[in-house]
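Below is one structure, written out as structure tokens; comments come after it.
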Amino acid sequence: MRDTSLSTGPLLTRRRALLGVIGGGAALLGAGPARAQSLSSRPVLLAVPFAPGGAVDIIARALSEPLAAALGTTIVIDNRPGASGAIAAASVARAEPDGHTLFIATPGTSITAAFQPQLLPGDPRQFLAPVGRMATQPYVLTVTKSFPANDLAGFVAWTKANSGAFLLANTGQMTATRLAGELLGLRIGTEITPVPYRGSGVVATDLLSGRVHGIFAQLSDALALQRQGAKLLAVSSLNRAPLLPDVPAISEIVPGFDVFSWNGIFAPAATPVPVLETLNAGLNKALSNPGLRERFRADGVEFVPGPRQALAEILDREIKGWTDLSTKVRIDPQ
């Protein structure tokens with residue numbers, strides 16, 4: 001059986017471009033233990049590929065204080081929205097590889113950039129190196145209150161009996177919310193019709209009014225939709241979410257289904273290994289901050305300290321998984 005345990009990260013393109021994977025990965029990740037190296041007292045610039053006030057920006061600003069303390073410097077948030085994250089990524093790729101310019105990647109920024117390499121000249125593996133994972137959050141299959149099914153089994157039965165009739169909103173052609181729906185349709189043996197939108201605000205309006213049947217929403221957004229009458233049928237992660245203990249995981253009916261949102265931090269590819277290790281250690285210390293973790297607990301955000309290699313391994317797994325999917329369902333990335 002094909003492995004469908006995937007997180008919603010970067011996708012392989014025709015040119016095998018994967019945002020965030022290190023160019024010549026073995027050279028940086030496989031070099032063995034390296035001594036940590038202190039950063040200078042200059043501020044660290046953290047490029048966020050979204051405008052101020054969004055979810056990623058809020059997390060970045062909350063993280064900046066404990067991260068600054070851990071690194072012994074100050075953190076400056078640099079909001080660079082546009083071009084599906086390519087503007088922010090390119091600015092970091094061109095920066096001095098000294099650990100003072102970083103980039104926060106998300107599934108949306110990474111997936112779109114990877115399938116449309118014209119947004120980032122050349123293979124992104126050549127100019128960005130992972131520092132570490134930051135946070136994860138499951139998606140929730142959320143449907144309008146008028147949808148006939150009230151549980152996951154009912155959803156599967158209805159969509160199989162009405163192939164192509166289920167309208168699943170997403171926030172873009174090559175986004176994680178689109179691909180999760182394609183993967184689910186493929187696994188249960190039916191067609192789910194994607195409906196792309198330019199912004200999440202319009203999606204919420206159309207979902208609540210019944211113009212579309214459902215969406216894979218991040219857990220925090222799903223909770224907000226539920227308060228307005230939407231129904232939560234299942235979570236996309238391998239296991240149930242602690243905040244939604246009564247909502248089943250899709251994997252309980254579709255074995256191995258494991259799709260989740262993530263954030264990761266990257267540096268210019270030529271950043272020395274000791275500097276990358278210093279950044280990773282500082283990030284891990286910041287992510288373990290009790291105040292930070294408690295602040296976002298109600299939104300279902302899980303902070304995930306760990307080695308740089310863990311992020312690289314997730315991305316490697318996704319290269320194969322999402323590429324297989326895009327080929328099977330013949331997604332046009334344009």
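When we follow full-length UniProt numbering, the leftmost residue of the sequence shown carries the number 1, and every step to the right adds one. Cβ atoms here follow ideal geometry from the backbone N, Cα and C, with glycine treated the same way.
(request) Could you tell me whether the stretch 122-141 touches the stretch 264-275, using the rule of 3 or more Cβ pairs below 8 Å? (result) yes
(message) With a threshold of 6 Å on Cβ separation, who are the neighbours of arginine 178 within its own chain once the five nearest residues in sequence on each side are excluded?
(response) As a working note, residue 178 is residue 178 in the sequence shown. These residues qualify, in order along the chain: Asn170 and Pro194.
(message) Suppose the cutoff is 6 Å on Cβ atoms and the five residues either side in sequence are ignored; what does the same chain contact list for valine 304 look like?
(response) As a working note, residue 304 is residue 304 in the sequence shown. Arg133 and Thr136.
(request) Note down the Cα distance separating phenylalanine 50 from alanine 95, rounded to an integer number of angstroms. (result) Position 50 of the sequence shown, counted from the first residue, corresponds to residue 50. Position 95 of the sequence shown, counted from the first residue, corresponds to residue 95. For phenylalanine 50 and alanine 95, the distance between alpha carbons rounds to 19 Å.
(message) Can you give me the C-alpha to C-alpha distance between glycine 229 and valine 212, rounded to a whole angstrom?
(response) Start at 1 with the first residue of the sequence shown, and residue 229 comes out as number 229. Start at 1 with the first residue of the sequence shown, and residue 212 comes out as number 212. Taking the straight line from one Cα to the other gives about 14 Å.
(request) May I ask you to report which of helix, strand or coil DSSP gives arginine 133? (result) Counted from its first residue, the sequence shown places residue 133 at position 133. Arginine 133: strand per DSSP, three-state reduction.
(message) Among the candidates Gly321, Leu292, Gln309 and Glu313, whose CA atom is the shortest distance from the CA of arginine 61?
(response) Here residue 61 refers to the residue found at position 61 when the sequence shown is read from its first residue. Taking only the C-alpha atoms, the option nearest arginine 61 is Leu292.
(message) Please return the same chain residues whose Cβ sits closer than 8 Å to the Cβ of glycine 282, not counting the five positions on each side in sequence.
(response) Walking along the sequence shown from the start, residue 282 turns up at place 282. If we look at glycine 282 and ignore the five residues flanking it on each side, its Cβ neighbours are Leu67, Ala70 and Leu71.
(request) Note down, in chain order, each residue of its chain lying with its Cβ closer than 7 Å to the Cβ of alanine 204, except the 5 sequence neighbours on either side. (result) As a working note, residue 204 is residue 204 in the sequence shown. Within the same chain, alanine 204 has close Cβ partners Leu225.
(request) Go through its chain and collect everything with a Cβ distance to threonine 74's Cβ below 6 Å, but skip five positions before and after it. (result) On the sequence shown, residue 74 is found 74 positions in, with the first residue counted as 1. If we look at threonine 74 and ignore the five residues flanking it on each side, its Cβ neighbours are Pro43 and Ala68.
(request) Would you kindly report the start and end of the unbroken beta strand (DSSP E) that includes phenylalanine 260? (result) As a working mapping, residue 260 is identified with position 260 in the sequence shown. 260-268 is the extent of the beta strand (DSSP E) around phenylalanine 260.
(request) Sort out for me which residues DSSP pairs valine 44 with in a bridge. (result) Walking along the sequence shown from the start, residue 44 turns up at place 44. For valine 44, which the question treats as bridged, DSSP gives the partners Ile75.
(message) Could you give the first and the last residue of the continuous beta strand (DSSP E) run that contains asparagine 170?
(response) The count along the sequence shown starts at 1 and reaches residue 170 at position 170. First-last of the beta strand (DSSP E) with asparagine 170: 167-170.
(request) Assuming alanine 88 contacts alanine 55 (C-beta within less than 8 Å), just tell me the rounded distance between them. (result) Here residue 88 is taken as the residue at index 88 of the sequence shown, counted from 1. Here residue 55 is taken as the residue at index 55 of the sequence shown, counted from 1. Incorrect: roughly 15 Å between the Cβ atoms, too far for contact.
(message) Considering Cα atoms alone, identify which of Thr278, Phe147 and Pro290 is closest to asparagine 162.
(response) The residue given as residue 162 occupies position 162 in the sequence shown. For asparagine 162, the nearest C-alpha among the options comes from Phe147.
(request) Note down the Cα distance separating alanine 153 from threonine 159, rounded to an integer number of angstroms. (result) Translated into positions along the sequence shown, residue 153 becomes position 153. Translated into positions along the sequence shown, residue 159 becomes position 159. Whole-angstrom Cα-Cα distance: 10 Å.
(message) Assuming phenylalanine 216 is part of the alpha helix (DSSP H), what are its boundary residues?
(response) For this step, residue 216 is matched to residue 216 along the sequence shown. That residue, phenylalanine 216, is in no alpha helix (DSSP H); its beta strand (DSSP E) goes 214-218.
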